[in-house]
Amino acid sequence: MLAPLYEVHQFGSRHYIDLLHPRAEDKKHARRALEFAKRALEQKPRILVLDEVNLTVAFGLVPKEEVLELMDHVPPETVLVLTGRRAPKEFIERADLVTEMRLVKHPYQRGLSAGVA
110 MLAPLYEVHQ FGSRHYIDLL HPRAEDKKHA RRALEFAKRA LEQKPRILVL DEVNLTVAFG
170 LVPKEEVLEL MDHVPPETVL VLTGRRAPKE FIERADLVTE MRLVKHPYQR GLSAGVA
């Protein structure tokens with residue numbers, strides 16, 4: 110309903126990633142997402158959200174240096190949002206705003222699966 114003002118592009122697969130042993134396919138999806146983000150910045154969006162990119166870096170799916178390089182090329186009119194746990198200190202140092210969330214209550218605690226609340 111919000112198109113063309115809002116777009117969502119998902120690059121991961123539908124299965125959970127074993128972060129300690131990511132598959133080659135998982136790394137390929139992460140690489141495609143980062144390349145897409147680089148191209149998206151060329152369009153100077155008002156906001157670009159890289160959801161779960163911090164965990165992606167923490168578990169070696171994409172190199173931290175490549176995300177830092179992307180951060181160097183964010184146009185002044187664009188707000189870049191990086192989400193996920195385990196943000197590298199370099200991301201935190203460069204950020205204008207850092208927020209940490211903590212779990213208070215989650216449907217998983219009642220045995221509900223993803224997408225069911």
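Residue numbers (my numbering): 110 to 226. A virtual CB, placed ideally from N, CA and C, is assigned to each residue, including glycine.
Query                                                                                                                                                       : Result
Which residues in the same chain have their Cβ closer than 7 angstroms to the Cβ of Leu191, if we skip the five residues on either side of it in sequence?  : Leu159, Val162, Asn163, Phe200
Measure the CB-CB distance between Leu150 and His118 and report whether it falls below 7 angstroms.                                                         : no
Measuring CB atoms only, is the region 170-184 touching the region 211-218, in the sense that at least three cross pairs come out at less than 8 angstroms? : no
Can you tell me the Cα-Cα spacing of Ala226 and Arg194, whole angstroms?                                                                                    : Confidence at Ala226 is low in this model, with a pLDDT of 47, below 50, so its placement is unreliable and no value can be given for it.
Give me the residue from Leu129, Lys147, Gln152 with the minimum Cα distance to Ala167.                                                                     : Leu129
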